[in-house]
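Chemist: Pasting a structure here, questions to come.
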Amino acid sequence: MRRVVKVSRIRIIITIIVVVLTTLLTGCTGKEPNEIAYVVALGIDSTDDDNYKITIQYANTTQISGGASESGGKSGSEIVDNVTIEAPNIYAGVGLANNIVSKSFSMSHAKLIVFSKEIAEKGVKDMIETLVRSEEIRPDVFIAVANTTANDYLTSVNPEMEVNPAQYYQLIYQKNQLVGIPDGQLREFFTGLYTDNYDSILPVAGVIEGAGGNSQNDDKGQSKDGQNEGSEGSSESLDSFESKSSDDKDENEKEKDAEKNTSKYEYDIKNYVGGETAIEKKNKAEAIGAAVFEKDKMVGELGEVETEICKILKGDYTYSYLTYYNNDTPDIPITVKTTQQKKPKYKIDTDKKTVDIELYIESDLYSLPADYNVENKIEDFERDVANYTSSTCTKFINNFTKKYNSDILKLNEKVKYKFLTNNQYNWFKKNVDWSEYKFSVCTNFKVRRTGLIVRE
231 MRRVVKVSRI RIIITIIVVV LTTLLTGCTG KEPNEIAYVV ALGIDSTDDD
281 NYKITIQYAN TTQISGGASE SGGKSGSEIV DNVTIEAPNI YAGVGLANNI
331 VSKSFSMSHA KLIVFSKEIA EKGVKDMIET LVRSEEIRPD VFIAVANTTA
381 NDYLTSVNPE MEVNPAQYYQ LIYQKNQLVG IPDGQLREFF TGLYTDNYDS
431 ILPVAGVIEG AGGNSQNDDK GQSKDGQNEG SEGSSESLDS FESKSSDDKD
481 ENEKEKDAEK NTSKYEYDIK NYVGGETAIE KKNKAEAIGA AVFEKDKMVG
531 ELGEVETEIC KILKGDYTYS YLTYYNNDTP DIPITVKTTQ QKKPKYKIDT
581 DKKTVDIELY IESDLYSLPA DYNVENKIED FERDVANYTS STCTKFINNF
631 TKKYNSDILK LNEKVKYKFL TNNQYNWFKK NVDWSEYKFS VCTNFKVRRT
681 GLIVRE
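Under my numbering, the residues of the sequence shown are numbered 231 to 686, in order.
Structure, rendered in structure tokens:
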């Protein structure tokens, strides 16, 4: 009887504890969602003193009714707001900006951090340290370099097809597997910087310029720099821009300066960087090309074609459309959809100072001259394309290593297995000069499908 009573008391005590804990769990000690301003992007520019000009772009939730869905709500520049402030670092700027906006800023949903070219050339190590120490910044946030200013880029963003600004940046910068921009995630850059095993390339963010100056204003009629002074170029609204003649509207001043690729790989394609492609109607922001880093400092730029070559050599290439010269139809190139079958093989001889690289590429024919029967010469075409790809890649990496002391192909990582101790490996990394090495690329190229064509 006493045992039954004792068991009952224990059950009652446990029940009371569970009830108390349950009531505590229902409490809310944090901020309500309607009290938070969700930052989607940050822009960092230099100033005349030792401070930074920090542009905070946050979602305008009052204009977004569709949330993360693909429908509902407004789009374009109305779905984001920008506030710019001077501060000694990112979080000091966020703290000051909290006094301007009624809601409290949260960085947990930030998708993009943009550095101006000037900041990138001076070095971004301090900024990277700040970002990786934050519990709010996710390691997969994208980093880019603006070839004008970060403020110019962010205030020119006008995502007409998206109702969620965070999704806009996610879709644009995760295209690194498809088009000519590199993987620019924070964790990749940080790992290379602090292990000293490789250097990084980051996407170039640019602003398309129409005839007569800088990109035009957003839909609200605000100046491109928003609250900031010193903006160059026109301060017209989009309505004013659209009233111009079609010749002016469709012309991009920077596009004329884009260098045309002369090799038979990506034949007759321009080697664009951010801001140089054909102009769009409203969204003047774009990401294309790569900023080359040596440690934490930017030392150069790669165009779209060069970035594509770099991705193939690194094994980061997934698929895209490549255009090749054709001997039989010199005025009309042939376009193929290519995939990288597997990662490249690297054979590095530190004694002879040679690096042999083998690529594995498959393709499907997509565009070729009418009435040209490539099937009869498919082996010749495969051999020619393999040679074009090999010679272009070999020329690129030999020129790159002579121009930059930057290990973007992760050669130091690839040669690591040759050393028995970390001391030997670290000594090699410190003293190696890859410009003294001779690079050679061999391409295995295969056409899988020639297309569904009925020939008589």
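Note that the Cβ used here is the ideal one computed from N, Cα and C, for glycine as well.
Does the beta-carbon distance from A340 to V371 come in below 8 Å?
Modeler: Closer than 8 Å, so yes.
Chemist: Between which two residues does the beta strand (DSSP E) holding T584 run?
Modeler: It spans 584-597 - the beta strand (DSSP E) in which T584 sits, taken as one unbroken run.
Chemist: Among K525, L361, L384, which one has its Cα closest to the Cα of G422?
Modeler: The shortest C-alpha separation from G422 is found at K525.
Chemist: So, for S364: in the same chain, excluding its five sequence neighbours on each side, which residues have a beta-carbon less than 8 Å away from its beta-carbon?
Modeler: The residues are Y321, M337.
Chemist: Measure the C-alpha to C-alpha separation of G436 and T537 and round it to an integer number of angstroms.
Modeler: C-alpha separation (whole angstroms): 15 Å.
Chemist: Just tell me which of Y282, A350, K500 has its CA closest to the CA of V522.
Modeler: For the residues Y282, A350, K500, the minimum Cα distance to V522 belongs to A350.
Chemist: Just mark V331 as buried or exposed, buried being the case when its beta carbon has 16 or more other beta carbons within 10 Å.
Modeler: Looking at its Cβ environment, which holds fewer than 16 other Cβ atoms inside 10 Å, V331 is exposed.
Chemist: At which residues does the beta strand (DSSP E) containing N674 begin and terminate?
Modeler: Taken as a continuous stretch (DSSP letters only), the beta strand (DSSP E) holding N674 covers 668-679.
Chemist: Decide yes or no for the touch test of the region 615-622 against the region 500-507: beta carbon pairs closer than 8 Å, at least 3 of them.
Modeler: Touching, no, given that fewer than three Cβ pairs across the two stretches are closer than 8 Å.
Chemist: Tell me the DSSP secondary structure of G273 in three-state form.
Modeler: Correct three-state label for G273: strand.
Chemist: Let me confirm a value: L650 is counted as buried when at least 16 other C-beta atoms fall within 10 Å, else exposed. Which label applies?
Modeler: L650 should be labelled exposed.
Chemist: Please classify D382 as buried or exposed, where buried requires at least 16 neighbouring CB atoms within 10 angstroms.
Modeler: D382 comes out buried.
Chemist: Residues in its own chain within less than 6 Å of K355 by CB, not counting five upstream and five downstream?
Modeler: D526.
Chemist: Output the boundary residues of the beta strand (DSSP E) element that contains A488.
Modeler: Segment: none, A488 is in no beta strand (DSSP E) and carries neither H nor E.
Chemist: So, do the region 558-578 and the region 651-661 have three or more beta carbon pairs nearer to each other than 8 Å?
Modeler: The region 558-578 is not in contact with the region 651-661.
Chemist: Do I309 and A327 have their beta-carbon atoms positioned less than 8 Å apart in this structure?
Modeler: It is not a contact, given that the beta carbons lie outside the stated cut-off.
Chemist: Would you say E316 and T277 are within 8 Å of each other, going by their C-beta atoms?
Modeler: A contact, by the Cβ cut-off of 8 Å.
Chemist: For P433 versus Y399, is the C-beta spacing smaller than 8 Å?
Modeler: No.
Chemist: Just verifying my parser: in three-state terms, what is the DSSP assignment at D581?
Modeler: Of the three classes helix, strand and coil, the one that applies to D581 here is coil, per DSSP.
Chemist: Going by C-alpha distance, which of I539, N556, N557, D558 is nearest Y549?
Modeler: The shortest Cα separation from Y549 among I539, N556, N557, D558 belongs to I539.
Chemist: Helix, strand or coil: how does DSSP classify S461 here?
Modeler: Caution is warranted here: a pLDDT of 35 is assigned to S461, below 50, making its placement in the model unreliable, and the coordinate value is therefore given only provisionally. Here S461 sits in coil by DSSP.
Chemist: Is it buried or exposed, V269, if we count other Cβ atoms within 10 angstroms and call 16 or more buried?
Modeler: Counting Cβ neighbours within 10 Å, V269 comes out buried, since at least 16 surround it.
Chemist: Would you mind listing the beta strand (DSSP E) stretches within the region 295-359 that are 3+ residues and don't spill past its ends, in chain order?
Modeler: Correct list: 310-317, 334-336, 342-346.
Chemist: Does DSSP classify E466 as helix, strand or coil?
Modeler: Residue confidence for E466 is low, a pLDDT of 36 falling below 50, so the modelled location carries little weight; the figure read from the coordinates is stated next. Note: E466 maps to coil in three-state DSSP.
Chemist: Flag this pair as yes or no: are the beta carbons of K544 and K648 separated by less than 8 Å?
Modeler: No.
Chemist: In three-state DSSP terms, what is L552?
Modeler: In this structure, L552 counts as strand in the three-state DSSP scheme.
Chemist: Evaluate S593 with the Cβ neighbour count: other Cβ atoms within 10 Å of its Cβ, from every protein chain shown; 16 or more gives buried, anything less gives exposed.
Modeler: Its Cβ being crowded by 16 or more others within 10 Å, S593 is buried.
Chemist: Assign N534 to one of two classes, buried (16 or more other C-beta atoms within 10 Å of its C-beta) or exposed (fewer than that).
Modeler: Looking at the sequence provided, one finds Glu at residue 534 rather than Asn. With 16 or more Cβ atoms within 10 Å of its Cβ, E534 is classed as buried.
Chemist: Straight-line CA distance for E612 to W664?
Modeler: Straight-line Cα distance between these residues: approximately 31 Å.
Chemist: Given that a residue counts as buried once 16 or more other Cβ atoms are within 10 Å of its Cβ, and exposed if not, what is Y424?
Modeler: Classification of Y424: exposed, given that the 10 Å Cβ count is below 16.
Chemist: Just list the residues that DSSP pairs V687 with in beta bridges.
Modeler: Here the chain has residues from 231 to 686 only, and residue 687 is not among them.
Chemist: What is the rounded straight-line gap between the Cα of I343 and the Cα of C672?
Modeler: For I343 and C672, the distance between alpha carbons rounds to 37 Å.
Chemist: Please report the distance separating the alpha-carbon of V604 from that of K676.
Modeler: Going by the C-alpha atoms only, they are around 14 Å apart.
Chemist: Roughly how many whole angstroms lie between the Cα atoms of A515 and I438?
Modeler: The straight-line gap from Cα to Cα measures roughly 6 Å.
Chemist: Exposed or buried, L361, counting other C-beta atoms within 10 Å across all chains shown (16 or more means buried)?
Modeler: Buried: at least 16 other Cβ atoms inside 10 Å.
Chemist: Taking all protein chains shown into account, do 16 or more other C-beta atoms lie within 10 angstroms of the C-beta of G302, making it buried, or fewer, making it exposed?
Modeler: Confidence is the limiting factor: at G302 the pLDDT is only 43, short of 50, which leaves the residue's position unreliable, though a coordinate-based value still follows. Exposed, by the Cβ-count rule.
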